[in-house]
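Have a look at the structure below, then the notes.
2 protein chains.
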Amino acid sequence: MRVEIWSDIACPWCYVGKARFEKGLAAFAHRDDVEVVHRSFELDPGRAKGDTALVVDMLAEKYGRTREEARSMEEGVASNARSEGLGYRIEGRDHGSTFDIHRLLHLAKARGRQDELLNLAYRANFAEERSVFDPETLVALAVEAGLDEAEARAVLADADAYADDVRADEREAAELGATGVPFFVLDRRYGVSGGQPAEVFTQALEQAWQGRVITEIGQSGGDAAACGPDGCEVPHAGPHAGAHA
Amino acid sequence: MRVEIWSDIACPWCYVGKARFEKGLAAFAHRDDVEVVHRSFELDPGRAKGDTALVVDMLAEKYGRTREEARSMEEGVASNARSEGLGYRIEGRDHGSTFDIHRLLHLAKARGRQDELLNLAYRANFAEERSVFDPETLVALAVEAGLDEAEARAVLADADAYADDVRADEREAAELGATGVPFFVLDRRYGVSGGQPAEVFTQALEQAWQGRVITEIGQSGGDAAACGPDGCEVPHAGPHAGAHA
Chain A
1 MRVEIWSDIA CPWCYVGKAR FEKGLAAFAH RDDVEVVHRS FELDPGRAKG
51 DTALVVDMLA EKYGRTREEA RSMEEGVASN ARSEGLGYRI EGRDHGSTFD
101 IHRLLHLAKA RGRQDELLNL AYRANFAEER SVFDPETLVA LAVEAGLDEA
151 EARAVLADAD AYADDVRADE REAAELGATG VPFFVLDRRY GVSGGQPAEV
201 FTQALEQAWQ GRVITEIGQS GGDAAACGPD GCEVPHAGPH AGAHA
Chain B
1 MRVEIWSDIA CPWCYVGKAR FEKGLAAFAH RDDVEVVHRS FELDPGRAKG
51 DTALVVDMLA EKYGRTREEA RSMEEGVASN ARSEGLGYRI EGRDHGSTFD
101 IHRLLHLAKA RGRQDELLNL AYRANFAEER SVFDPETLVA LAVEAGLDEA
151 EARAVLADAD AYADDVRADE REAAELGATG VPFFVLDRRY GVSGGQPAEV
201 FTQALEQAWQ GRVITEIGQS GGDAAACGPD GCEVPHAGPH AGAHA
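So the protein sequences, as listed, match chains A and B. No gaps in the numbering here: position 184 of the first sequence is 184 in UniProt numbering, and each next residue is one more. No gaps in the numbering here: position 176 of the second sequence is 176 in UniProt numbering, and each next residue is one more.
Next comes the structure, spelled out in structure tokens:
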């Protein structure tokens with residue numbers, strides 16, 4: 001079974017939701033048969049590269065609140081994060097374009113290091129005094145995740161590298177009806193929206209596991225050009241009909 | 001959309017079916033949004049490592065035929081392969097355990113080189129005078145596919161490396177009802193059995209594309225702990241209710 005998780009590094013509920021999903025997955029009997037894939041989603045896709053602002057300032061401006069009010073809005077998520085054992089800083093955290101981070105996460109996917117980089121990027125952004133909007137920090141995170149430094153630098157230097165993969169993920173999210181993140185899709189059949197309690201994820205995994213039914217398309221049975229433990233079949237329409245191994 | 005293809009390197013219809021699937025995929029409008037994953041399946045899982053035999057001899061013995069009759073059985077598949085532009089040798093090809101090849105294909109998957117290695121392994125087995133049952137040939141194929149030689153050797157030397165991944169694929173094939181290969185599964189929803197004509201694959205891709213519907217599980221809407229372009233929501237059940245970005 002496969003779970004795809006659309007999320008953004010700048011999304012606090014994605015950070016919290018990932019931990020809750022993993023707790024729900026750990027309680028699922030078939031957890032060893034579950035593959036998890038990260039998908040890109042930008043909450044602020046129009047934001048220019050390099051245009052960063054403090055999260056608290058951004059929130060205050062966006063909602064017309066004081067910085068104190070913005071800080072208390074952040075406290076709501078922070079307490080949820082802390083109850084999951086996650087660090088969460090409010091002051092000094094930047095908001096900015098996450099496009100380059102998503103491109104780097106696609107490189108990491110190609111190299112089998114996606115979950116490592118994703119965890120490091122979340123931690124850097126939410127729990128540490130490191131800005132994921134600084135290219136040198138991204139390179140350092142990539143190396144910590146096990147990626148080749150030169151390759152990571154090359155991807156960051158080439159704005160086209162993995163850009164289509166990021167956009168394809170975002171297009172798919174829209175096609176699947178996602179309007180926000182985190183968005184969890186199980187075997188392209190069931191969806192869970194938001195960083196819900198761990199038990200919801202366990203239930204969803206169980207439901208998706210039970211719901212695995214494949215609808216056959218095309219010819220099937222002895223006529224198909226297929227091989228099994230007892231040998232191979234040549235389709236009757238083919239030039240040489242009959243059993244074959 | 002994702003297509004998983006269960007197959008075995010020793011399976012002639014998998015070799016032919018891969019070419020037909022790729023032709024069908026090339027004719028599908030959303031081909032750039034299709035991810036293809038190889039899954040392991042052994043036609044002869046009980047076969048011991050190192051126990052090889054000429055395919056023609058194995059066929060003659062298995063079906064109680066003469067070598068000449070076995071050769072003409074092979075010709076049936078060969079003519080199908082050739083009509084797809086694929087080389088196909090009958091004489092000198094070995095039959096044996098494909099477990100190590102599947103383990104190596106999982107390493108290649110982790111390094112983003114699976115399709116490269118799969119194509120090279122099929123070609124070596126069916127079209128070239130190279131035995132995929134010889135460890136040195138496997139190392140050479142791995143290097144040609146872009147893998148690190150030392151890493152490939154380490155995987156081949158450690159019988160446990162990626163063994164669970166091979167078995168997990170095989171278990172999943174059984175759970176999804178596959179009794180033979182190639183077995184194509186589209187978004188875990190639709191299945192195509194056998195190396196069918198390219199048009200069948202195009203139709204299956206179109207049907208699966210239309211059939212993408214996600215069933216929502218759990219709470220949804222404004223109550224979910226999710227972020228969208230307009231900000232983040234704190235669930236009402238949470239310690240700090242209200243809008244948040």
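Backbone N, C-alpha and C fix where the C-beta goes; we use that ideal spot for every residue, glycine too. Note that this is a predicted model, so its numbers are computed, not measured.
- Residues of the segment 26 to 43 of chain B whose Cβ lies closer than 8 Å to any Cβ of chain A, in chain order: D32, D33 and L43.
- Look at the beta carbons and you see the segment 53 to 61 of chain B not touching the segment 98 to 113 of chain B: under three pairs across the two are nearer than 8 Å.
- Rounded to whole angstroms, the separation of the alpha carbons of V192 of chain A and K62 of chain B is 51 Å.
- Taking a Cβ-Cβ cut-off of 9 Å, the neighbours of D187 of chain B in chain A comprise D187, R188 and R189, given in sequence order.
- No Cβ of chain B is located within less than 8 Å of the beta carbon of W6 of chain A.
- CA-to-CA, the gap between E84 of chain B and F201 of chain B works out to about 15 Å.
- Burial is judged here by how many other beta carbons sit within 10 angstroms of a residue's own beta carbon; H38 of chain B has at least 16 and is buried.
- Judged by their CB atoms, V36 of chain B and V3 of chain B are nearer to each other than the 8 Å cut-off.
- Judged by DSSP in its simplified three-state form, E136 of chain A adopts helix.
- Under the Cβ criterion of 8 Å, P135 of chain B is not counted among the residues facing chain A.
- Cβ neighbours of G24 of chain A within its own chain (closer than 6 Å, five residues either side excluded): A198, F201 and T202.
- For a cut-off of 8 Å, the C-beta gap from V143 of chain A to E149 of chain A is around 5 Å, short enough to register as a contact.
- Cβ neighbours of G92 of chain B within its own chain (closer than 8 Å, five residues either side excluded): L54 and E129.
- Collapsing the DSSP output to three states places H95 of chain B in a strand.
- Q196 of chain B is a Cβ neighbour of R20 of chain B, given a cutoff of 8 Å.
- Spanning the alpha carbons of L205 of chain B and F28 of chain B requires a straight line of approximately 7 Å.
- Beta-bridge partners assigned by DSSP to S193 of chain B: B:F183.
- For S97 of chain B, not one C-beta of chain A is nearer than 8 Å to its own C-beta.
- One alpha carbon belongs to R82 of chain A, the other to D115 of chain A, and they sit about 21 Å apart.
- Here H30 of chain B is exposed: its Cβ has fewer than 16 other Cβ atoms, across all protein chains shown, within 10 Å.
- In the three-state DSSP reduction, S131 of chain A falls in the coil class, being neither helix nor strand.
- Just measuring C-alpha positions, the residue of B:G228, B:R188 and B:G231 sitting nearest I214 of chain B is B:R188.
- Going by DSSP, R39 of chain A is part of no alpha helix (DSSP H) but of the beta strand (DSSP E) stretching over E35 to S40.
- Residue state for L176 of chain B is assigned as coil, using DSSP reduced to three classes.
- Residue-level contact by beta carbon holds for S193 of chain B and chain A, with a gap shorter than 8 Å.
- With respect to the C-alpha of D169 of chain A, the residue from B:A10, B:V132 and B:D32 having the closest C-alpha is B:D32.
- Straight-line spacing of the CA atoms in E75 of chain A and C232 of chain B works out to 13 Å.
- By the rule that beta-carbons nearer than 8 Å mark a contact, I217 of chain B touches chain A.
- For the pair A10 of chain B and A163 of chain B, the Cα-to-Cα distance works out to about 18 Å.
- In the three-state reduction of the DSSP assignment, R123 of chain B falls in the helix class, which pools H, G and I.
- Each residue's CA atom was taken as its position, placing F133 of chain A and A159 of chain A some 15 Å apart.
- About 6 Å separates the CB atoms of R47 of chain A and G96 of chain A; that is less than 8 Å, so the two are in contact.
- Minimum Cα-Cα distance from P229 of chain A among the listed residues B:Y15, B:S72, B:E216 and B:V181 corresponds to B:V181.
- Here the C-alpha atom of I90 of chain A lies approximately 11 Å from the C-alpha atom of P12 of chain A.
- Taking R67 of chain A as the centre and dropping the five residues before and after it, the same chain places the C-beta of V56, D57 and A60 closer than 8 Å to its C-beta, in chain order.
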